[in-house]
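Protein sequence lines, in the order shown, are assigned to chains G and W. Position 101 (the first sequence) corresponds to 109 in the working numbering; numbering is contiguous. Position 292 (the second sequence) corresponds to 326 in the working numbering; numbering is contiguous. Glycine included, every Cβ here is placed at the ideal spot set by N, Cα and C.
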Amino acid sequence: METIRILIVDDEIGFTEMVKLNLEDTGRFNVRIENDPTRAFQTALGYRPQLILLDIIMPEMEGPDVLCQLRENEQIAHIPIIFLTATVRKSEVNQESGFISGYPFLAKPCTVEELIEAIDQNL
Amino acid sequence: MNNELKRTLQVLIVENSDVDRAVLINMLSKAPYGSFQISATDSLLETFELLKQSVVDVILLDLNIKDSNGIDTLQRLHSRHPSIAVVVNTGEYQDDLGLKAVTLGAQDYLIKGMYKSYGLVKALYYAIERKKAEVSLRKALEGLKEMQAQLIRAEKMNVVGGVASGIAHEVKNPLATILYGVEYLSTVLKEGDDKIELTLRSMKDAAHKANSIIKDLLDFASLSDIKKECYPIEKTIEQGLVLTHHQCEKTGIKVVRHYATNLPDIFIDKNRIEQVFVDLILNAIAVMKNGGVLTIHTSRKNFDRSDIHNPSSLVETIRKGDDVLIVDFEDTGKGIEEANIEKIFDPFFTTHRAAGGVGLGLSIARTIMDTHDGIIDLSNNEDKNGARARLIFKVKGDCSGDNTYLNCG
Chain G
9 METIRILIVD
19 DEIGFTEMVK
29 LNLEDTGRFN
39 VRIENDPTRA
49 FQTALGYRPQ
59 LILLDIIMPE
69 MEGPDVLCQL
79 RENEQIAHIP
89 IIFLTATVRK
99 SEVNQESGFI
109 SGYPFLAKPC
119 TVEELIEAID
129 QNL
Chain W
35 MNNELKRTLQ
45 VLIVENSDVD
55 RAVLINMLSK
65 APYGSFQISA
75 TDSLLETFEL
85 LKQSVVDVIL
95 LDLNIKDSNG
105 IDTLQRLHSR
115 HPSIAVVVNT
125 GEYQDDLGLK
135 AVTLGAQDYL
145 IKGMYKSYGL
155 VKALYYAIER
165 KKAEVSLRKA
175 LEGLKEMQAQ
185 LIRAEKMNVV
195 GGVASGIAHE
205 VKNPLATILY
215 GVEYLSTVLK
225 EGDDKIELTL
235 RSMKDAAHKA
245 NSIIKDLLDF
255 ASLSDIKKEC
265 YPIEKTIEQG
275 LVLTHHQCEK
285 TGIKVVRHYA
295 TNLPDIFIDK
305 NRIEQVFVDL
315 ILNAIAVMKN
325 GGVLTIHTSR
335 KNFDRSDIHN
345 PSSLVETIRK
355 GDDVLIVDFE
365 DTGKGIEEAN
375 IEKIFDPFFT
385 THRAAGGVGL
395 GLSIARTIMD
405 THDGIIDLSN
415 NEDKNGARAR
425 LIFKVKGDCS
435 GDNTYLNCG
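See the structure below:
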């Protein structure tokens, strides 16, 4: 079975490594980490992920700006994105039916199960 | 002529000497202005009795009387009746005694034989006006002190609220990392021994607990974001009970409901108020570890000062006579130490830290009640063990009428 390519853009190095470990451990995913948001566009262009997990608050460049960059290039504009953020609470995700400006989001910390479920729903 | 001068003044003469008393009555009857209704006594004991029965505007007080001597006479009178104007009238001439009398609450100090009718009447009228000014100043001072306490409270909340959002982001990221790390280890070490499993479970619980503290902090930060509607209070209590049902069962706590019938809806953010109820129920559970009874009362009445235990629970928006709903949560735990009754609302103050308390629940509860112009008041039950948490909501016109909670403009 071919693995699903996931790109995670988040400045939190430990967190991204743990996401990679857990997702790849299922055998279903191949995860590329990008801890520098200013390089997210180039990495996405090269790696061609099938889904991007995107942090919102990062130094140098924030998640929504990364999103705008990605949307400007036709080759990668279609890739589904899930925002991952520590600034909202789980209860708010449920209340707002899980979307920020039309994009799905997950509140950190969420369980690996919730993360995989969200990925499956948005592929 | 000033209205005060037209009125008949109620003067009480406290005087040991019959002669001096006659002199005073004579002077007042020949007064150039004013009219006086005079009563007289020669003892402090009878003075207190007279003050119980009738209103007195001003007391002419001799310091040496039947049952009291010297400045002590004034002190005893003033401590029992601080709002009545007192003019000391004594035979002793001592400058420092006069000043002392004024310091201790008298409005003037007259020396027998050193004044005439005009001076006496003037002293009485001036004393009454000085007293009025003093009373209103004292009232204003109390108001200011109360307002200062409220401001300090609000400022504390603001600081915690402002810090909360910043902390949330910084702490949630490492927490997420820890949780994912633990989850990964749990899958890899599935066949591991009990000790490893226990360790991983403890780590996971600790991370979840830290996360719930952050959640509480964020609740502060978003307290201004409330959505009020007309809603039945009983329904909110029941929702709170559903959420805590499991803990109540586990601890062996019996819930007794005494709901008043036909209560009007109140204007609340039902989620926030439910949060207050849940917090109060969880606090009750925490003090009844070996079981007990949680009694919930609801009632409607006209607010009175005696409805609350702690004066600092009072809020500007609820006044005597206002139509209010009262919700009481009574537990059968060991009660609250009197010294902690006010501190208990401070952020991070908790009496059950060892059991996992963070000390934010009640301060959040108070802030939520503040945003609802409501009162939260804690006290110990008088006749039995345990404590009472009382919530008071103002019944507002908008929600009266029928009892449906969606019908609200």
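If you follow the alpha helix (DSSP H) that residue i is part of, which residue opens it and which one closes it?
{"i": "W/S7", "result": "Because chain W spans 35 through 443 in this model, residue 7 of chain W falls outside it and cannot be assessed."}
{"i": "W/E126", "result": "Unbroken run through W/E126: none, as it is neither H nor E."}
{"i": "G/N130", "result": "V120 to N130"}
{"i": "W/I319", "result": "K304 to A320"}
{"i": "G/R47", "result": "Here G/R47 belongs to no alpha helix (DSSP H), and DSSP marks it neither H nor E."}
{"i": "G/L78", "result": "G71 to E80"}
Quick one, are the C-beta atoms of residue i and residue j less than 8 angstroms apart?
{"i": "G/T52", "j": "G/I90", "result": "Correcting the residue type first, residue 52 of chain G is Ala in the shown sequence and not Thr. Contact: no."}
{"i": "W/T137", "j": "W/L97", "result": "no"}
{"i": "G/D63", "j": "G/L92", "result": "yes"}
{"i": "W/L297", "j": "W/I267", "result": "yes"}
{"i": "G/Q58", "j": "G/I21", "result": "no"}
{"i": "W/V361", "j": "W/I271", "result": "yes"}
{"i": "W/N415", "j": "W/E372", "result": "no"}
{"i": "G/E32", "j": "G/L15", "result": "no"}
{"i": "W/V45", "j": "W/D76", "result": "no"}
{"i": "W/V349", "j": "W/L425", "result": "no"}
{"i": "W/I409", "j": "W/I352", "result": "yes"}
{"i": "G/P45", "j": "G/E80", "result": "no"}
{"i": "W/A188", "j": "W/S346", "result": "no"}
{"i": "W/I319", "j": "W/C282", "result": "yes"}
{"i": "W/I300", "j": "W/G274", "result": "no"}
{"i": "W/Y25", "j": "G/F23", "result": "Here chain W has residues from 35 to 443 only, and residue 25 of chain W is not among them."}
{"i": "W/L78", "j": "W/L111", "result": "yes"}
{"i": "W/I260", "j": "W/T405", "result": "yes"}
{"i": "W/A289", "j": "W/L251", "result": "Note that residue 289 of chain W is Val in the sequence shown, not Ala. In this structure, W/L251 does not lie closer than 8 angstroms to W/V289 by Cβ."}
{"i": "W/V155", "j": "W/A140", "result": "no"}
{"i": "G/K28", "j": "W/N207", "result": "no"}
{"i": "W/D411", "j": "W/I342", "result": "yes"}
May I ask which residues mark the beginning and end of the beta strand (DSSP E) holding residue i?
{"i": "W/S333", "result": "G326 to N336"}
{"i": "W/T295", "result": "Segment: none, W/T295 is in no beta strand (DSSP E) and carries neither H nor E."}
{"i": "W/S347", "result": "Per DSSP, W/S347 belongs to no beta strand (DSSP E) and is neither H nor E."}
{"i": "G/E42", "result": "F37 to E42"}
{"i": "W/S117", "result": "W/S117 -> no beta strand (DSSP E), and no H or E assigned at all."}
{"i": "W/K414", "result": "For the sequence presented, residue 414 of chain W should be read as Asn rather than Lys. Counting along the chain, the beta strand (DSSP E) containing W/N414 begins and ends at I409 to N414."}
{"i": "G/I89", "result": "I89 to T93"}
With H, G and I counted as helix, E and B as strand and the rest as coil, what does DSSP make of residue i?
{"i": "G/K98", "result": "With a pLDDT of 47 at G/K98, under the threshold of 50, the predicted position of this residue should be treated as unreliable, though the coordinate-derived value follows. In this structure, G/K98 counts as helix in the three-state DSSP scheme."}
{"i": "W/N207", "result": "helix"}
{"i": "W/L252", "result": "helix"}
{"i": "W/K146", "result": "coil"}
{"i": "W/E263", "result": "strand"}
{"i": "W/F301", "result": "strand"}
{"i": "W/N98", "result": "coil"}
{"i": "W/K229", "result": "helix"}
{"i": "G/R13", "result": "strand"}
{"i": "W/N437", "result": "Caution is warranted here: a pLDDT of 40 is assigned to W/N437, below 50, making its placement in the model unreliable, and the coordinate value is therefore given only provisionally. The answer is coil: DSSP assigns W/N437 none of H, G, I, E or B."}
{"i": "W/S397", "result": "helix"}
{"i": "W/I287", "result": "strand"}
{"i": "G/L62", "result": "strand"}
{"i": "W/F383", "result": "coil"}
{"i": "W/A421", "result": "strand"}
{"i": "G/R56", "result": "coil"}
{"i": "W/V361", "result": "strand"}
{"i": "W/A241", "result": "helix"}
{"i": "G/L29", "result": "helix"}
{"i": "G/P117", "result": "coil"}
{"i": "G/T34", "result": "coil"}
{"i": "G/S105", "result": "Legend: pLDDT at G/S105 = 46, less than 50; position of this residue unreliable, value from coordinates given subsequently. Of the three classes helix, strand and coil, the one that applies to G/S105 here is coil, per DSSP."}
{"i": "W/L138", "result": "coil"}
{"i": "W/V92", "result": "strand"}
{"i": "W/K428", "result": "strand"}
{"i": "W/I342", "result": "coil"}
{"i": "W/C442", "result": "Annotation note: pLDDT 30 at W/C442 (below 50); position unreliable, coordinate value reported separately. The answer is coil: DSSP assigns W/C442 none of H, G, I, E or B."}
Between residue i and the ligand GDP, is there a pair consisting of the residue's CB and a ligand heavy atom that are separated by less than 7 angstroms?
{"i": "W/N415", "result": "This structure does not include the ligand GDP; it has no bound ligands of any sort."}
_So if I threshold CB-CB distances at 9 angstroms, which residues from the region 203-215 of chain W count as touching chain G?_
H203, E204, V205, K206, N207, P208, L209, A210, T211, I212, L213, Y214 and G215
*Unbroken alpha helix (DSSP H) runs of length 4 or more, entirely within the region 37-87 of chain W: which are they?*
37-40, 52-63 and 78-87
*Give, in chain order, every residue of the region 26-49 of chain G whose Cβ lies closer than 8 angstroms to some Cβ of chain W.*
Within the region 26-49 of chain G, those residues whose Cβ lies closer than 8 angstroms to any Cβ of chain W are, in chain order, M26, V27, L29, N30 and D33.
*Got a sec: which bits of the region 12-23 of chain G sit with their beta carbon under 8 angstroms from any beta carbon on chain W, in order along the chain?*
E20, G22 and F23
*asked:* Tell me which residues of the region 62-75 of chain G have at least one Cβ-Cβ distance to chain W shorter than 7 angstroms, keeping chain order.
replied: Flagged, chain order: I65.
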